[in-house]
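A.B. asks:
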Amino acid sequence: MDPQYRPEIIEPLAQRHWQEKQSFRAVEGPQRPKYYCLSMFPYPSGKLHMGHVRNYTIGDVLARYHRMKGYNVLQPMGWDAFGLPAENAAMQNGVPPAKWTYDNIAYMKGQLQRLGFAIDWSREVTTCRPEYYKWNQWLFLRMLERGLAYQKTGVVNWDPVDQTVLANEQVIDGRGWRTGALVEKREIPMYYLAITRYAEELLAELDELPGWPGRVKTMQANWIGKSFGVEIHFSLTERHEPGGEVLKVFTTRADTLFGVTYLAVAPEHPLALAAAETNPDIAAFIAACHKGGVTEAELATQEKHGMDTGRKAWHPFTNAPLPIWVANYVLMGYGEGAVMAVPAHDERDFAFARKYGLPIKPVIKPAEGELALPLQAAYTEPGILFDSGDFSGRSSADAIEKIALVLKNLGLGDKRVTWRLRDWGISRQRYWGCPIPLIHCEDCGVVPVPDEALPVVLPEDCVPDGSGNPLARRDDFVRCTCPKCGRPARRETDTMDTFVDSSWYYARYCSADNPHAMVDARADYWMPVDQYIGGIEHAILHLLYSRFWSKVMRDLGLVRYDEPFGRLLTQGMVLNHIFSRRTEQGGLVYFAPDEVEVTSDDKGRIVAARAKADGQPVDYQGIGTMSKSKRNGIDPQALIDRYGADTARLFMMFAAPPEQTLEWSDSAVEGAHRFLRRLWRMVYEHVILGVVSAYSGGELTPELQALRRALHETLQKVTDDIERRQQFNTAIAAVMELTNHLGRVEGIDALTRSVRQEALELVVLMLSPIVPHICRALYGELRPGACLMQASWPEADPNALTREAMELVLQVNGKLRGRLTVAVEATREAIEAAALASPEVQRFMGGRPAKKVVVVPGRLVNVVV
RNA sequence: GCGCGGGUGGCGGAAUUGGUAGACGCACCGGACUUAAAAUCCGGAACCUUCGGGUGUACGGGUUCGAUUCCCGUCCCGCGCACCA
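And the structure:
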């Protein structure tokens, strides 16, 4: 055995072995239970980043652990290969997105292989390949047939200089990122998928996902946003006639109806548009609302503006005339695009009423106490109605029911359910995506591409230039014949949202090689995914779209599952130090951590930093997510080259629990490597004395008995940490603690060596899902001729776990005052008596009588005086 | 702005169901080995202290025999907000 740990030798050896033996090839078979372990596939941006290493290490640990537990494990990998960065790179280097993407894939695949992940590469899926996206198109056509896909207009960011649609990411401070032009909103025709038809099921089935983190389910539920409210019709004529003109609003707070002092409609509302036709001021206001981008964050944080349309509506109960305003804070996409404004009981309405001098009329007071008048802020809690006609004195909940009932009888409204969720707009005016399979014919209108003509293949040699979609300029793509009438027609040039690609890739892994069907019976075997791992940033959109897509496939009879992902682990981001410097022009330049020399105080805190290049000071900005713009990313390749894959994997798993953010630290990497070296030497020093078999029974010294107990307790803890808790950092800490213990046990007699053999074998097995290369080598040394790939996950020996005595904590008034060793079978009374008699307790009782004695079995005794 | 998380020594973190706060690791300090250094090994340490003890888990309050953990409020940080993936 090599006395030195040499990852550069043992890692390629292990990887070659796995490749030659096809160790991770997954084959369907009913003999063993299946375990489908899936990590979110990467976007091929160029090279792996630390987030990938973290994500795929977590997945690999779970895959390898379950493999040892006897499961038939599938761990596939693929590429989310369409997307905007490829077009940006093309603009920069003049290389077609296809070439850039395929080159990146080749490089990153090599990096993944170098990390030793137990991946079945025979199922690799690449979303920009026609054999994959053909099925996007095919399913889109099925959805079109069922009315689940349809056309309507949607609002996009428009760059007036480049004459192009911008992604939200390309709008910076309200301006186009390349032109600097103020961005405008523009309505264009788009295709939508009717995800709202599945809203009820998407919401209800969150309860059927016990393996999902609560926070993800809460976020999804809030996103879907089912709210029970009342639709109220405000008459647009003073005397309301049945069937007369009304303005419909939706509210969850019908109890505040008597507090309405004005109505507000969105700038896109028909009423606003009608007013604009006769009033140039309103037209100008609406035009002003069209400035700026379309994100909800931008809309919600902008200053609230409004303008009186001059029109009035009449209150359904009091018949009071109410002014109708156009307001930029009313969203056309939610409810009716109009709200009844109750400044006294809604914060936004309150701010708006203050600004424009509109009346504020309180009608709800707390159940106990009074409202402090005049109101300094909106009172938004439910309470008791007053100044509300016949409804005064009722509670909010009661009033909502009654008001809805009366409105219904008057024909002026009814209870209604509203969703926050909107249908999914999938059209993108971009080149590097899956073509939408439609044809525009002057005579026949929009005609679907027939199934036999699929896939509509995207030409791979275009180079976008930042203005418009280059596909539109490709005659060979655009010109086609109408499948209906056979006359010349134009092909749709919009492509699909890349979320479409990622909404079903997990099912395609199961039947990746089938050219005739989207999925086949093998999906019935593997699906649903047992364990899904990916970034928390995907908590809503990707996961919700995938759930929706699954249900559509199910309803088409393609798959049998309702939910695609059984258990979900959302990993945290990877962070690093940020260094920057103000330029003379007032700009900010960032320095990569390896370009900076840091001065720390005697406690190790960073107090100063200077650039290596010029020796001048730079500012330390603290810690933040690794990003290109802040230049604080660390290339995992450097880490792997220097320390090997196992060190990279160990550091990632040890530095933080998987769900939390992880801070990069050079010295912690060093520490992980040091542990592996220590482990190597420990095994080396043991095996050079000759081969022994692991302890299998016989009388032990107390020291060896304690070691075996620690060993098997650690095994129990590590098993629980990996399988149930998925807290790999504490599993590693427990093994480290055990190796520290093992290192303190001396002696080379046969008995000691047999226990040491047992301990080292178990340590190697326990660590093998995390650091598989070194463990493969060490296992071969400990048991010559044996192969780790054939080893099972060990089980704790119950005989090693027995104990006769245990230690309890003694407290007086909740403060730790001493310890007490008692027999395991000691009764509560005996423990209480022994505790009261102990000198520590006596001392702190100070002669006072015990008021109460709390005995927590196995833990502590608390004496209250 | 809205939704969801998080905040514990010098640092990353541990404390799993309300029961010993600080496991494990990093950095630091001291010692051993060495001509020396690196590597390695051993030991120390939350803070204050009159050495009895006291204080301490972002901040302020509450519930409890007992709160890092539960409740209310405040501050700060992160993620998402529908065309980044």
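Take our numbering: the final residue in the first sequence is number 865, and no numbers are missing along the way. Even glycine gets a Cβ: it sits at the ideal position worked out from N, Cα and C.
1. Considering only C-alpha positions, which residue in the set A777, I10, G292, F477 is nearest to P160?
2. Report all residues from its chain with a CB closer than 7 Å to the CB of A608; omit the five preceding and five following residues, and keep chain order.
3. Should the stretch 427-440 be regarded as contacting the stretch 457-468, the criterion being three or more beta carbon pairs within less than 8 Å?
4. In the structure shown, what three-state DSSP assignment does K226 receive?
5. My guess is that W526 and K69 are in contact by the Cβ rule of under 8 Å, so how many angstroms apart are they, rounded?
6. Would you kindly work out how many angstroms separate the C-alpha atoms of R508 and L421, rounded to a whole number?
7. Determine, using beta-carbon pairs with one atom in the stretch 795-806 and one in the stretch 743-754, whether at least three such pairs fall under 8 Å.
8. Are at least three pairs of beta-carbons, each pair with one atom in the stretch 485-498 and one in the stretch 509-521, less than 8 Å apart?
9. Does S768 come out as helix, strand or coil in the three-state DSSP assignment?
10. To which residues of the same chain is E595 closer than 7 Å at the C-beta, ignoring the five residues directly before and after it?
11. Which whole-angstrom value is the C-beta distance of L48 and P772, which I expect to be below 8 Å?
12. Say whether the stretch 568-577 touches the stretch 209-226, bearing in mind that this needs 3 or more beta-carbon pairs closer than 8 Å, one atom from each stretch.
13. Quick test of your reading: T261 and L358, contact by CB under 8 Å. State the CB separation rounded to the nearest angstrom.
14. Whole angstroms is fine: what's the gap from Y36's alpha carbon to R146's?
15. Mapping DSSP to helix, strand and coil, what is N279?
16. Along the chain, where does the beta strand (DSSP E) containing R819 start, and where does it finish?
17. According to DSSP, what are the bridge partners of G306?
18. According to DSSP, what are the bridge partners of H577?
19. Hey, D2 and D501: beta-carbon distance below 8 Å or not?
20. Round the Cβ separation of H673 and Y643 to the nearest angstrom and send it over; I've been treating them as touching at under 8 Å.
21. Less than 8 Å between the C-beta atoms of G259 and V342, yes or no?
22. Tell me whether L13 is buried or exposed, calling it buried when 16 or more other Cβ atoms sit within 10 Å of its Cβ.
23. If we count Cβ pairs, one from each stretch, closer than 8 Å, do we get three or more for the stretch 46-64 versus the stretch 111-122?
24. So, using beta-carbon positions, are M425 and G83 closer together than 8 Å?
25. With a Cβ-Cβ cutoff of 8 Å, do L271 and T309 count as a contact?
26. In three-state DSSP terms, what is G99?
27. Is DSSP giving Q811 helix, strand or coil here?
28. So what's R416 in DSSP terms, helix, strand or just coil?
29. Could you compute how far the alpha carbon of E495 sits from the alpha carbon of N136?
30. Smallest Cα separation from A86: which of T498, N632, L676?
31. Since R479 sits in a beta bridge, which residues does DSSP pair it with?
32. Can you tell me whether DSSP reads R428 as helix, strand or coil?
33. In the DSSP assignment, what residue or residues form a beta bridge with L182?
34. Please confirm if the stretch 49-59 is in contact with the stretch 11-31, defined as three or more CB-CB distances below 8 Å between the two stretches.
35. So for Y132, helix, strand or coil by DSSP?
36. The alpha helix (DSSP H) with H904 in it runs from where to where?
C.D. replies: Let's see:
1. In the first sequence, counting from the first residue as 1, residue 160 sits at position 160. Proximity to P160 across A777, I10, G292, F477 peaks at G292, based on C-alpha coordinates.
2. Residue mapping note: residue 608 aligns to position 608 of the first sequence, counting from 1. So the qualifying residues of the chain are T599, P617.
3. Judged by Cβ distances under 8 Å, the stretch 427-440 makes contact with the stretch 457-468, as three or more pairs qualify.
4. If you number the first sequence from 1, residue 226 lands on position 226. K226 falls in the strand class under three-state DSSP.
5. Sequence index remark: in the first sequence, residue 526 carries index 526 (1-based). Sequence index remark: in the first sequence, residue 69 carries index 69 (1-based). Going by Cβ atoms, the distance from W526 to K69 rounds to 17 Å, so no, they are not a contact pair.
6. The sequence position of residue 508 within the first sequence is 508, counting from 1. The sequence position of residue 421 within the first sequence is 421, counting from 1. Computed Cα separation, rounded: 27 Å.
7. no
8. no
9. Your numbering for residue 768 matches position 768 in the first sequence. Looking at S768 - three-state DSSP - the assignment turns out to be coil, as it is neither helix nor strand.
10. Taking the first sequence and counting its residues from 1, one reaches residue 595 at position 595. Same-chain partners within the cutoff: A611, K612, A613.
11. If you number the first sequence from 1, residue 48 lands on position 48. If you number the first sequence from 1, residue 772 lands on position 772. L48 to P772, Cβ: 18 Å. No contact.
12. yes
13. One-based indexing of the first sequence puts residue 261 at position 261. One-based indexing of the first sequence puts residue 358 at position 358. Taking C-beta atoms under 8 Å as the contact rule, T261 and L358 qualify, at a distance of about 6 Å.
14. Within the first sequence, numbered from 1, the residue matching residue 36 stands at position 36. Within the first sequence, numbered from 1, the residue matching residue 146 stands at position 146. Taking the straight line joining both Cα atoms gives about 32 Å.
15. Residue 279 sits at position 279 when you count from the first residue of the first sequence. Coil.
16. Reading the first sequence from its first residue, position 819 is the one you call residue 819. Residues 815-823.
17. As a working mapping, residue 306 is identified with position 306 in the first sequence. According to DSSP, which records beta bridges pairwise, G306 is partnered with A327.
18. Here residue 577 corresponds to residue number 577 of the first sequence, with the count starting at 1. DSSP lists I623 as the bridge partner or partners of H577.
19. Numbered from its first residue, the first sequence carries residue 2 at position 2. Numbered from its first residue, the first sequence carries residue 501 at position 501. Contact: no.
20. On the first sequence, residue 673 is found 673 positions in, with the first residue counted as 1. On the first sequence, residue 643 is found 643 positions in, with the first residue counted as 1. The pair is a contact, with the Cβ atoms about 5 Å apart (cut-off 8 Å).
21. On the first sequence, position 259 is the one that residue 259 refers to. On the first sequence, position 342 is the one that residue 342 refers to. Yes, they are a contact pair.
22. Sequence index remark: in the first sequence, residue 13 carries index 13 (1-based). Flag for L13 reads exposed.
23. Enough Cβ pairs lie closer than 8 Å, so yes.
24. In the first sequence, residue 425 corresponds to position 425, counting from 1. In the first sequence, residue 83 corresponds to position 83, counting from 1. The amino acid at residue 425 is misidentified as Met; the sequence shows Gly. Against a cut-off of 8 Å, the Cβ pair of G83 and G425 comes out as no contact.
25. For this step, residue 271 is matched to residue 271 along the first sequence. For this step, residue 309 is matched to residue 309 along the first sequence. In contact: L271 and T309 (Cβ atoms closer than 8 Å).
26. Reading the first sequence from its first residue, position 99 is the one you call residue 99. Contrary to the premise, residue 99 reads as Lys rather than Gly in this sequence. If DSSP states are grouped into helix, strand and coil, K99 belongs with the helices.
27. Taking the first residue of the first sequence as position 1, residue 811 is located at position 811. The answer is strand: DSSP assigns Q811 an E or B state.
28. Counting from 1 along the first sequence, the entry for residue 416 is found at position 416. DSSP places R416 in strand when its eight states are reduced to three.
29. As a position in the first sequence, residue 495 is number 495, starting the count at 1. As a position in the first sequence, residue 136 is number 136, starting the count at 1. At residue 495 the sequence reads Thr, which differs from the Glu that was named. If you take the alpha carbons of T495 and N136, they lie about 11 Å apart.
30. The count along the first sequence starts at 1 and reaches residue 86 at position 86. Of T498, N632, L676, the residue nearest in Cα terms is T498.
31. In the first sequence, residue 479 corresponds to position 479, counting from 1. Answer is R490, bridged to R479.
32. The count along the first sequence starts at 1 and reaches residue 428 at position 428. R428 falls in the strand class under three-state DSSP.
33. Along the first sequence, read from residue 1 onward, the residue named residue 182 stands at position 182. R175, per the DSSP bridge assignment.
34. no
35. In the first sequence, counting from the first residue as 1, residue 132 sits at position 132. Three-state DSSP puts Y132 in a helix.
36. Summary: the structure shown does not reach residue 904, with the chain confined to residues 1 through 865, and so no result is reported for it.
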